[in-house]
Amino acid sequence: MFQNSKSLQTILSPGSMQSWNPQQSYAPMLDEKEILPILIIGAAAETGNLSRYLQADGYPVEAIEESEHGIALALSGQYRLAIFDLPFTFLNGLEALRRVRRQSLLPVLILSAEENDMERVMALELGADDYLTKPILPPELTARIRTILRRANTGVSVFSTLVKARGLELNRSDYRVKYRNEEILLTTLEFELLEYLVKKTGQIISRDELMQQVLGRQLSPNDRSVDVHISNLRKKLSATGACKIKAIRGVGYTFLLT
């Protein structure tokens with residue numbers, strides 16, 4: 008757990024920073040003016056120490072004490088990643104994640120002060136991009152952030168409620184989908200399936216993952232609901248030539264851009 012009374016060298020794991028030089032780790036290669044900051048929400052003492060480490064590692068960072076304002080900032084579209092440093096006192100951390108995920112695809116990394124397998128599973132099911140338990144090794148934290156940002160930047164722009172991918176536009180604020188300004192009428196569930204696949208463009212997504220992350224339940228042996236919804240979605244997308252969802256036999260689906 009991050010301790011305000013300790014030096015930066017012992018923030019992430021006792022003794023782990025002694026030989027760790029932040030300048031040797033990954034730093035964003037984009038021009039600083041083009042990089043949106045990372046938002047850290049948590050207790051003031053914790054976020055201050057974490058901010059200093061990430062800033063030393065080359066990331067622009069804004070830290071705010073847990074509050075309703077913090078949630079509003081996460082939904083503002085002005086950040087490339089949010090880190091929730093749990094526990095929160097003003098609001099359950101998972102509820103805060105749920106509120107953000109209802110309105111935004113902003114990548115969220117959860118840091119927890121306690122080892123809690125149930126919380127980890129629930130956070131991931133609610134849409135957290137990753138979940139780590141403190142203390143954390145500095146190289147691991149940097150690697151996890153780098154991986155999340157790489158996923159978010161693989162051809163898909165993720166800014167609050169709007170997702171764009173080569174002519175395809177998804178707007179969560181009104182659940183509208185357009186391809187080259189032509190509207191594609193989807194049900195809410197079809198929209199959420201498409202949104203999830205687009206966010207992971209090029210990755211093979213299992214039926215079980217789609218069932219858990221989008222439909223919110225476990226996949227049972229005879230449940231074909233995912234396949235039915237995907238079939239309908241594929242027909243609507245192919246009619247416009249927007250893109251295609253490819254079935255991977257015996258595994259799941261992958262979203263491809265044409």
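Going by the working numbering, 167 is the number at position 160 of the sequence shown; the sequence numbering is gapless. Cβ coordinates follow ideal geometry from the N, Cα and C atoms, glycine included. Because the structure is a prediction, the values reported are computed rather than measured.
Measure the C-alpha to C-alpha separation of A79 and C250 and round it to an integer number of angstroms.
-> Working through the sequence shown from its first residue, we reach residue 79 at position 72. Working through the sequence shown from its first residue, we reach residue 250 at position 243. Straight-line Cα distance between these residues: approximately 33 Å.
Through-space distance from R231 to Q225, alpha-carbon basis | Looking up residue 225 in the sequence shown gives position 218. Looking up residue 231 in the sequence shown gives position 224. Their Cα atoms are separated by approximately 12 Å.
Would you tell me roughly how many angstroms separate the C-alpha atoms of L201 and E189, rounded to the nearest one?
-> The residue labelled residue 201 in the question sits at position 194 within the sequence shown. The residue labelled residue 189 in the question sits at position 182 within the sequence shown. In a straight line, the C-alpha of L201 is about 16 Å away from that of E189.
Could you say if the region 79-97 and the region 114-126 meet the contact criterion of at least three C-beta pairs nearer than 8 Å?
-> yes
Alpha carbon to alpha carbon, how far is G49 from L263?
-> Counting from one through the sequence shown, the residue named residue 49 turns up at place 42. Counting from one through the sequence shown, the residue named residue 263 turns up at place 256. C-alpha separation (whole angstroms): 37 Å.
Limits of the alpha helix (DSSP H) - the one that N239 falls within | Looking up residue 239 in the sequence shown gives position 232. Residues 232-245.
When the Cα of L61 is compared with those of E73, K207, I47, which residue comes out closest?
-> Here residue 61 refers to the residue found at position 54 of the sequence shown. Comparing Cα-Cα distances from L61 to each of E73, K207, I47, the minimum goes to I47.
In terms of residue numbering, what span does the beta strand (DSSP E) encompassing E69 cover?
-> Against the sequence shown, residue 69 aligns to sequence position 62. 68-72 is the extent of the beta strand (DSSP E) around E69.
Tell me whether I255 is buried or exposed, calling it buried when 16 or more other Cβ atoms sit within 10 Å of its Cβ.
-> Taking the first residue of the sequence shown as position 1, residue 255 is located at position 248. Under this definition I255 is an exposed residue.
Rounded separation between K185 and R153 - CA only | Position 178 of the sequence shown, counting from 1, holds the residue named residue 185. Position 146 of the sequence shown, counting from 1, holds the residue named residue 153. Taking the straight line joining both Cα atoms gives about 30 Å.
Using CA coordinates, which residue listed in L240, V68, L148, G100 is at the minimum distance from Q85?
-> To locate residue 85, count along the sequence shown from 1; it is residue 78. Closest by alpha carbon: V68.
Use the C-beta contact count for A246: other C-beta atoms within 10 angstroms, 16 or more gives buried, fewer gives exposed.
-> Position 239 of the sequence shown, counting from 1, holds the residue named residue 246. The residue is exposed, with fewer than 16 neighbouring Cβ atoms inside 10 Å.
Classification of P228 by the beta-carbon crowding that lies within 10 angstroms, buried from 16 upward | Within the sequence shown, the letter at position 221 stands for residue 228. Exposed, since its Cβ has fewer than 16 Cβ neighbours within 10 Å.
With a Cβ-Cβ cutoff of 9 Å, do L177 and V205 count as a contact?
-> Here residue 177 corresponds to residue number 170 of the sequence shown, with the count starting at 1. Here residue 205 corresponds to residue number 198 of the sequence shown, with the count starting at 1. In this structure, V205 lies closer than 9 Å to L177 by Cβ.
Distance, Cα to Cα, E126 vs K243?
-> As a working note, residue 126 is residue 119 in the sequence shown. As a working note, residue 243 is residue 236 in the sequence shown. So the alpha carbons of these two residues sit roughly 37 Å apart.
Return the CA-CA distance between I252 and D215, expressed in angstroms with no decimal places.
-> Residue mapping note: residue 252 aligns to position 245 of the sequence shown, counting from 1. Residue mapping note: residue 215 aligns to position 208 of the sequence shown, counting from 1. For I252 and D215, the distance between alpha carbons rounds to 16 Å.
In angstroms, rounded to a whole number, what distance separates the CA positions of R241 and E199?
-> Position 234 of the sequence shown, counted from the start, is the residue given in the question as residue 241. Position 192 of the sequence shown, counted from the start, is the residue given in the question as residue 199. Whole-angstrom Cα-Cα distance: 13 Å.
Look at the alpha carbon of T261 and the alpha carbon of R183, and state the distance between them as a whole number of angstroms.
-> As a first step, residue 261 is located in the sequence shown; it is residue number 254 there, counting from the start. As a first step, residue 183 is located in the sequence shown; it is residue number 176 there, counting from the start. Cα-Cα distance, rounded: 21 Å.
Pairwise C-alpha distance: E73 and F95 = Numbered from its first residue, the sequence shown carries residue 95 at position 88. Numbered from its first residue, the sequence shown carries residue 73 at position 66. So the alpha carbons of these two residues sit roughly 6 Å apart.
Three-state secondary structure (DSSP) at T208?
-> Here residue 208 corresponds to residue number 201 of the sequence shown, with the count starting at 1. It is coil, neither helix nor strand.
Rounded to a whole number of angstroms, what is the C-alpha to C-alpha distance between D137 and L148?
-> Numbered from its first residue, the sequence shown carries residue 137 at position 130. Numbered from its first residue, the sequence shown carries residue 148 at position 141. Approximately 11 Å, taken between the alpha carbons.
Alpha carbon to alpha carbon, what distance is there between L131 and N56?
-> What you label residue 56 is simply residue 49 of the sequence shown in a count that begins at 1. What you label residue 131 is simply residue 124 of the sequence shown in a count that begins at 1. If you take the alpha carbons of N56 and L131, they lie about 25 Å apart.
How long is the line joining the alpha carbons of L175 and I155, rounded to whole angstroms?
-> Mapped onto the sequence shown, residue 175 falls at position 168. Mapped onto the sequence shown, residue 155 falls at position 148. Rounded to whole angstroms, L175 to I155 spans 22 Å at the Cα level.
From what residue to what residue does the beta strand (DSSP E) around R87 run?
-> Taking the sequence shown and counting its residues from 1, one reaches residue 87 at position 80. Segment: none, R87 is in no beta strand (DSSP E) and carries neither H nor E.
Straight-line CA distance for L144 to V233?
-> Within the sequence shown, residue 144 is the residue found at index 137, counting from 1. Within the sequence shown, residue 233 is the residue found at index 226, counting from 1. Computed Cα separation, rounded: 38 Å.
Using three-state DSSP, classify Y182 as helix, strand or coil.
-> In the sequence shown, the residue the question calls residue 182 occupies position 175. Looking at Y182 - three-state DSSP - the assignment turns out to be coil, as it is neither helix nor strand.
Counting only the same chain and skipping the five closest in sequence on each side, list residues whose C-beta sits under 8 Å from that of E197.
-> As a working mapping, residue 197 is identified with position 190 in the sequence shown. Around E197: H236, N239, L240, K243.
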